[in-house]
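Engineer:
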Amino acid sequence: MSPSRSTGWGSSSTCAELLGEHLLAAGLGSTTAGLVYTPPVPTAKLLILLLPLTLAACGRAKSRTAAQASPADSAADGWTRAEWLAAAEGFIADPTTLPRLADPATRPLFQRLVSTAAWREVDVKLFEGNGEEIMRFLPTIKRLTLLLLARGTVNEVLALGLYTHEVYPALIGSGLAFVDRLPADDSSRIHRLAGLERMRLGAAIDLCGILYVSVSASEDARAAAVAKLMNAASYGHHSREGLQLIVATLDEKLLPSVSAGLRKTYQAIREIVAQEHGKRAESRQSVTRTTYQGIGSSLVDPGKSTTVVSATGGFSVAGGPAALAMRVEVPMADGSTGVQHRVELQDGETLFAVACLDGKTESELVANMQTVGNLAARTSPHPGQWFTLDAGGREARLRFTTIAGRGCMASAEGPSGQVPGDRADAFLASLRAAP
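Start counting the sequence shown at -1; every next residue gets the next number (our numbering).
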């Protein structure tokens, strides 16, 4: 591992990122630092880029229990953020206490869970402290969603998703305000802004999940969701790329599959999102340009194997239903544009990814990855060159091969000792030319 990297091979770096950095260093890409495409990472890790605290400080943050902030002690118009977290974490600790919209006795409690104003009204002060509350919020939302999905409570999943949709603008807006207050020469600004862009991508992925769930919700719940999704102002916090992902998901996945009776409704939502995307078309863009294919439901088990086809890269791989497929254009040092075709799936702490690069050979990719760290060769009955890499508390299983004349790298990586070996090898072996 390169000793010059201050962060090592840690939570903010992936094999794809490191390969990109060394391609740049070798003169194979843009000479401007920080312009190589950065894959998405879990939202909880994105927040680390926004908050003025260390990982050690995050680790010392202590969770409160439901007993410390009982719903009975809360104000009639909602909870504080601390009370919301205590109640939600209490439901997770004992799922039998989770309230339901269909249960008259617990409906008011669930409604409070998805209407508390404190999260929609966060400001920059939330980012100036130690960040304990915000580090707990989004992971708690995810755990609640999984519990509700396990119970088959579609209306509750939709209500919780819409609440998160309403909280994102406050989180992102406050994060931008925090970055604006930093000195102009603060070296962390670029990383914090990159974190905010990834959070926006997470918001777009979550919105795609909301669209999928709304189709299966009751008519009343769907109508309430549609009313919110038809509000153009509710998309103000989304990036141009995130809006493109939502449009692609509607065009490629949802609109062809919904019933004729619902198609007009979702077509109207699609037009509003497309209009918001168009408003950003003339804005100053990143030097990289990412175009997404439509995504499957992010609320389906990500471990479920589904064949994902890169329409632009000419390859397929066994990913999950919520895998992201994309085409990334990167400025090169000679003035040309390099093109990467990617598929990525984050499943817990493990990132499964494929990158095929126009104009690059398999041998070039291997040579450049060898400058990152010591690759240990492996044998496999499948085509290509297979390796393992373990350094800095991270491990990866890698396969390099050639598909449609492009050099390709498939990887499965995560914390050392936590990458599921059999599943990782199955993922790497599934990479092949698209039928």
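Heads up, the beta-carbon is just placed ideally off N, CA and C, and yes, glycines get one too. Note that the structure is predicted; figures quoted are calculated from it, not measured.
Going by alpha carbons, who is nearest to T114 out of R149, D101, K123, T162?
Structural biologist: Minimum Cα distance to T114 is reached at T162.
Engineer: Distance check for I188 and A182, CA to CA, integer angstroms please.
Structural biologist: So the alpha carbons of these two residues sit roughly 10 Å apart.
Engineer: Under a Cβ-count criterion, where at least 16 other Cβ atoms within 10 Å of its own Cβ denotes burial, should G461 be classed as buried or exposed?
Structural biologist: Nothing about residue 461 can be reported from this structure: the residues present for the chain run from -1 to 433 only.
Engineer: Ordered along the chain, which non-local residues of its own chain (more than five positions away) have a Cβ less than 6 Å from that of V271?
Structural biologist: So the list reads L241, I244, V245, once near-sequence residues are dropped.
Engineer: Expressed to the nearest angstrom, what Euclidean distance is found between the alpha-carbon atoms of L343 and E81?
Structural biologist: The alpha-carbon atoms of L343 and E81 are separated by roughly 33 Å.
Engineer: Would S295 and Y166 be called neighbours here (beta carbons separated by less than 8 Å)?
Structural biologist: No, the Cβ-Cβ distance between S295 and Y166 is not below 8 Å.
Engineer: According to DSSP, is Q109 helix, strand or coil?
Structural biologist: It is helical.
Engineer: Whole angstroms are fine: how far does the CA of R98 sit from the CA of R149?
Structural biologist: Cα-Cα distance, rounded: 10 Å.
Engineer: With DSSP collapsed to three states, give me the class of V165.
Structural biologist: V165: helix per DSSP, three-state reduction.
Engineer: Closest by CA to L387, which one among T399, V177, G371, I401?
Structural biologist: When each option's Cα is compared against that of L387, the closest is G371.
Engineer: Which value, in whole angstroms, describes the spacing of the CA atoms of G276 and A408?
Structural biologist: Rounded to the nearest angstrom, the two C-alpha atoms are 34 Å apart.
Engineer: Below 8 Å between beta carbons: does that hold for T348 and V417?
Structural biologist: Taking 8 Å as the Cβ cut-off, T348 and V417 qualify as a contacting pair.
Engineer: In chain order, what residues of the same chain lie with their CB nearer than 8 Å to the CB of T304, ignoring the 5 residues before and after it?
Structural biologist: Same-chain partners within the cutoff: G294, A316, G317, G318, P319, A321.
Engineer: Under a three-way DSSP split, which group does Q291 fall into?
Structural biologist: Q291 falls in the coil class under three-state DSSP.
Engineer: If I measure Cβ to Cβ from W77 and keep anything under 6 Å in the same chain, skipping five residues before and after, which residues do I get?
Structural biologist: Here the set comprises T114.
Engineer: Would the beta-carbon of R395 fall within 8 Å of that of L426?
Structural biologist: In contact: R395 and L426 (Cβ atoms closer than 8 Å).
Engineer: Among all the DSSP beta bridges, which residues are the ones paired with T400?
Structural biologist: Answer is G405, bridged to T400.
Engineer: Taking 8 Å as the threshold (C-beta atoms), are F385 and R376 in contact?
Structural biologist: In this structure, F385 lies closer than 8 Å to R376 by Cβ.
Engineer: Determine the burial state of V285: buried for a count of at least 16 other Cβ atoms within 10 Å of its Cβ, exposed for fewer.
Structural biologist: By the neighbour-count rule (16 or more Cβ atoms within 10 Å), V285 is not buried but exposed.
Engineer: So is the beta-carbon of R98 under 7 Å away from any non-hydrogen atom of the ligand FMN?
Structural biologist: You won't find the ligand FMN in this model; it holds no ligand whatsoever.
Engineer: Hey, quick one: how far does the alpha helix (DSSP H) through V265 stretch, first residue to last?
Structural biologist: The sequence given here has Gln at residue 265, not Val. Taken as a continuous stretch (DSSP letters only), the alpha helix (DSSP H) holding Q265 covers 258 to 277.
Engineer: Quick check: what's the CA-CA separation for G333 versus S255?
Structural biologist: Rounded to whole angstroms, G333 to S255 spans 42 Å at the Cα level.
Engineer: Can you give me the C-alpha to C-alpha distance between V364 and A309, rounded to a whole angstrom?
Structural biologist: Between V364 and A309, the C-alpha separation is close to 25 Å.
Engineer: For D249, collect the residues of the same chain with a Cβ closer than 8 Å to its Cβ; drop the 5 residues on either side in sequence, then sort them by chain order.
Structural biologist: Same-chain partners within the cutoff: R268, G292.
Engineer: Per DSSP, which residues does R395 bridge with? Please list them.
Structural biologist: Answer by DSSP bridge pairing, in chain order: T386, A410.
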